[in-house]
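Those letters in the sequence shown? Residues -22 to -1, 1 to 524, by mature numbering (1 follows the signal peptide of the UniProt record, and there is no 0). Beta carbons: idealized from backbone N, C-alpha and C, even for Gly. Note that this is a predicted model, so its numbers are computed, not measured. Some notes on the structure that comes next.
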Amino acid sequence: MSPSFLFFLLFLLKFNSLSSHASSPSPSPSVYDTFVNCLTKNSIPQSEISKIVYSPNDPSFNSILQAYIRNGRFYNSSTTSKPVIIVTPTVESQVAGVVICTKQTNLQLKIRSGGHDYEGISYISDVPFIMLDMFNLRSISIDTNDKTAWVQTGAILGELYYNIWKKSEVLGFPAGVCPTVGVGGHVSGGGYGNMLRKFGLTVDSVLDARLVDVNGRILDRKSMGEDLFWAIKGGGGASFGVILAFQIQLVTVPQTVTYFRVERFIEDNTTTDAVVQWQNVASKIDNDLYMRLLIQPITVKAKAKGAKSTKSIRATFIALFLGDSNILMSLISKEFPLLRLTKQDCLEMSWIDSVLHWGNFDNTTKPEALLNRKGDPLNYLKRKSDYVQTPIPKNGLESIFEKMISLGKAGMVFNPYGGRMGEIAEGETPFPHRAGILFKIQYSVNWHEEGLTAEKDYLSQIRDLYSFMTPYVSKNPRQAYLNYRDLDIGINDQGPQSLEKGRVYGTKYFKNNFDRLVKVKTNVDPQNFFRNEQSIPTLRKQRKMF
């Protein structure tokens, strides 16, 4: 028997032993004991280990795992793999130990901050894995003098906004509108919000970071170097290390901002024209104004008895203006008259109250609601993304609306760019979708029905709509947004063709920045320890790890 064949047999036995525990009630004693003993050797006392390390036999295991699952498709499914071990560190040094000891067990490491990855890749895997859940690391420190903050990556955006508001009513941060999104994934993936036309993305306001690298070292911007610091500002932090915290530059917001939400229906002959006009205005209008547009198929109940309900399209314009309603009305009446906005549509409020409105809270909700980590009721969902560089003509919109009605439930969200986004070079951060982008599309479908039949139907709807939109969106590459994770555009099995497979989705997410990300990855993690289904691959062919 040749040495290479013997090695293969031993490898196969090791893999089968580990794989059998992915769905079993507990990890093998050797894996669990090896991991715990390693933590002890790395100066983590047993008294701490017992509070942060969970096996599937632990009564708290399932509740911890499910607490931050935001997609019903992965909540209770018997086909969804579970981690061999969950670790919930409470101090930074424990994270360093987890990285070192996961390497020693030859398992994959998945890192979860808020659990909003649409494909669940922060808490599921096809191979045995340890899940590092960051929710205990959520301290936030605000410095109003220099308008900066340090925020740990287990914090949620709502906690960040609340803490900023407690310190100052005229400071904010240009991040997402969903308050339960985790800071770690959101920021490192190039998160955005309703102030991106004024201030750009989250990563455009990142000043420093703390990160655990593949060797268990805790690094800041100076010690990690500018290449790695660049990579984690939009390249997805989980490919390069475990990000512990970001230092961010806060922005000044006015005492009074204005919010409106206006619904129009295609039965109104001017609605499609308004959508055409929105495309030509939303990315060019004053940078203080952000107007999101939701396009959704709806069912209209019949008014007459016995009559059948009908299908229609609703266009919802939702806006934040960094100023008062008088200035806003003047702006809209001049540049976007087809919206037919009235003064009664406009609500003046503080910035923190606008955060609550965008988070779909009612008018009586207090800012303390932003501290609620539970979030909305769990839905089954799928998301996809596109970028639009030239306006979709009216006849194109009409055909799109007809398609959406025929499909039934898949909707779209148009998010305008322009302003500050067009002033930042494509290579300034890994996020390349800058000048020349009119708006980003998020394709969205939610459902409540259980079972594979329903899932197949709704996934087919959103994929069909995505395919139908091909003539109207960016090409070569067809661009996509990393934080709207979509495994349809490519999956990396980390095999011999890892670089080629990574390039398929990597150029969609990062365009020409993909090559620089690969070089950084190769330098800082040559053995590809930090990996997932859409991670950045290395340049050199590496041994596949489990």
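Could you have a look at GLU241 and say whether DSSP puts it in helix, strand or coil? DSSP places GLU241 in strand when its eight states are reduced to three.
When DSSP labels each residue in this structure, what does LYS497 get in the three-state scheme?
In the structure shown, LYS497 adopts helical secondary structure according to DSSP, grouped into three states.
- Query: Helix or strand or just coil, what does DSSP make of HIS(-2)?
  - Reply: Here HIS(-2) scores only 35 on pLDDT, less than 50, and its place in the model should not be relied on; the value that follows carries that caveat. Correct three-state label for HIS(-2): coil.
**Q.** Residue from HIS94, ALA458, GLY92 whose Cα sits closest to the Cα of LYS489
**A.** The option with the nearest alpha carbon to LYS489 is ALA458.
Q.
Taking 8 Å as the threshold (beta carbon to beta carbon), is GLN439 in contact with chain C?
A. The structure shown contains no chain C; it holds only a single protein chain.
Host beta strand (DSSP E) of THR277 (start-end): For THR277, the enclosing beta strand (DSSP E) has its first and last residue at 267 to 278.
Rounded separation between LYS381 and GLU401 - CA only = Taken atom to atom, the span from the alpha-carbon of LYS381 to that of GLU401 is near 35 Å.
- Nearest neighbour of VAL155, chosen from LYS289, PRO474, VAL184, TRP329 [CA to CA]: When C-alpha distances from VAL155 are compared across LYS289, PRO474, VAL184, TRP329, the shortest belongs to TRP329.
query: Among the residues of its own chain, which have a CB less than 6 Å from the CB of PRO455, if the five just before and after it don't count?
result: Sequence-distant Cβ neighbours of PRO455 in its own chain, meaning closer than 6 Å and more than five residues away, are THR485, LYS486.
Would you be able to state if there are at least three C-beta pairs under 8 Å between the region 446 to 453 and the region 462 to 482?
The region 462 to 482 vs the region 446 to 453: no contact.
Please go through the region 396 to 439 and give each complete beta strand (DSSP E) segment of 3 or more residues, from N-terminal end onward.
-> Restricting attention to beta strand (DSSP E) runs no shorter than 3 residues, the region 396 to 439 encloses them at 417 to 425, ordered along the chain.
TODO: Quick one: using the 10 Å Cβ neighbour count with 16 as the cut-off for buried, is LEU460 buried or exposed?
DONE: By the neighbour-count rule (16 or more Cβ atoms within 10 Å), LEU460 is buried.
**Asked** Do the region 158 to 166 and the region 94 to 101 make contact, defined as three or more Cβ pairs closer than 8 Å?
**Response** A contact exists between the region 158 to 166 and the region 94 to 101.
Handout entry: Cβ neighbours of ILE310 in the same chain (closer than 7 Å, five flanking residues each side left out)
Key = Taking ILE310 as the centre and dropping the five residues before and after it, the same chain places the C-beta of LEU317, LEU319 closer than 7 Å to its C-beta, in chain order.
* Among SER8, TYR32, ALA45, which residue has its Cα nearest to the Cα of ASN350? -> Cα-wise, what sits closest to ASN350 is ALA45.
| task | Drop a sphere of 10 angstroms on the beta-carbon of THR68, count the other beta-carbons inside from all chains shown, and report buried for 16 or more, exposed for fewer. | result | When all chains shown are included, THR68 counts as exposed.
Entirely within the region 296 to 346 and at least 4 residues each: give me those alpha helix (DSSP H) ranges in chain order.
Runs found: 303 to 313, 329 to 336.
Coarse secondary structure for THR57, derived from DSSP in three states: Three-state DSSP puts THR57 in coil, outside helix and strand.
Practice item. Leaving out five residues on either side along the sequence, give the residues of the same chain with a beta carbon under 6 Å from the beta carbon of GLY212. Key: Around GLY212: GLY168, VAL181, THR407, PRO408, PHE409.
**Request:** Grab the span of the beta strand (DSSP E) containing residue 531 for me, first residue to last.
**Result:** One cannot answer for residue 531 here, as it falls past the ends of the chain, which runs -22 to 524.
Proximity to ILE263 [Cα-Cα], best of SER183, PHE107, LYS312, GLN505:
Of the listed residues, the one whose Cα sits closest to ILE263 is LYS312.
For ASP354, is the classification buried or exposed, using 16 other Cβ atoms within 10 angstroms of its Cβ as the cut-off for buried? Label assigned to ASP354: exposed.
Buried or exposed: which applies to PRO61, given that a residue is buried once 16 or more other Cβ atoms fall within 10 Å of its Cβ? Buried, because 16 or more other Cβ atoms sit within 10 Å of the Cβ of PRO61.
Query raised in the report: For LEU197, which option in ASP493, ASP464, GLU70 has the closest C-alpha, if you only look at C-alpha atoms?
Result: Cα-wise, what sits closest to LEU197 is GLU70.
Practice task
With a 10 Å radius around its C-beta and 16 neighbouring C-beta atoms as the bar for buried, classify HIS426 as buried or exposed.
Solution key: Around the beta carbon of HIS426, a 10 Å sphere encloses fewer than 16 other beta carbons of the protein chains shown; the residue is thus reported as exposed.
**Prompt:** Rounded C-beta distance between LEU385 and VAL253? I'm assuming under 8 Å.
**Reply:** No, LEU385 and VAL253 are not in contact; Cβ-Cβ is about 18 Å, not under 8 Å.
Q: With a cut-off of 8 Å on the beta carbons, I'd call PHE151 and VAL235 a contact; round off their distance for me.
A: So it is not a contact: roughly 14 Å between Cβ atoms.
### Message
Quick check on the DSSP output: what are the complete alpha helix (DSSP H) runs of length 4 or more inside the region 199 to 266, in order along the chain?
### Response
Here the runs fully enclosed are 199 to 202, 204 to 209, 249 to 259.
key: Contact set for THR277: own chain, Cβ-Cβ below 7 Å, skip 5 residues either direction   = The residues are SER287, LYS289.
Review point. Does the distance from the C-beta atom of VAL231 to that of LEU300 stay below 8 Å?
Key: Against a cut-off of 8 Å, the Cβ pair of LEU300 and VAL231 comes out as a contact.
| How would you write the range of the alpha helix (DSSP H) that ASN393 sits in, first residue to last? | Unbroken run through ASN393 is the beta strand (DSSP E), 389 to 394; no alpha helix (DSSP H).
Check: Alpha carbon to alpha carbon, what distance is there between ARG292 and ASP246?
Finding: Taking the straight line joining both Cα atoms gives about 10 Å.
- Neighbourhood of residue 588 by C-beta distance below 6 Å, restricted to the same chain and skipping five residues each side: Residue 588 lies beyond the stretch modelled for the chain, which goes from -22 to 524, so this question has no answer here.
ILE370: first and last residue of the uninterrupted beta strand (DSSP E) it sits in: Here ILE370 belongs to no beta strand (DSSP E), and DSSP marks it neither H nor E.
*Counting pairs of Cβ atoms below 8 Å between the region 170 to 188 and the region 214 to 223, do you hit three or more?*
Touching, yes.
Quiz prompt | Residues of its chain near LEU(-10), where Cβ-Cβ distance is below 6 Å and the 5 sequence neighbours each way are ignored | solution = With a pLDDT of 39 at LEU(-10), under the threshold of 50, the predicted position of this residue should be treated as unreliable, though the coordinate-derived value follows. Nothing listed; no residue qualifies.
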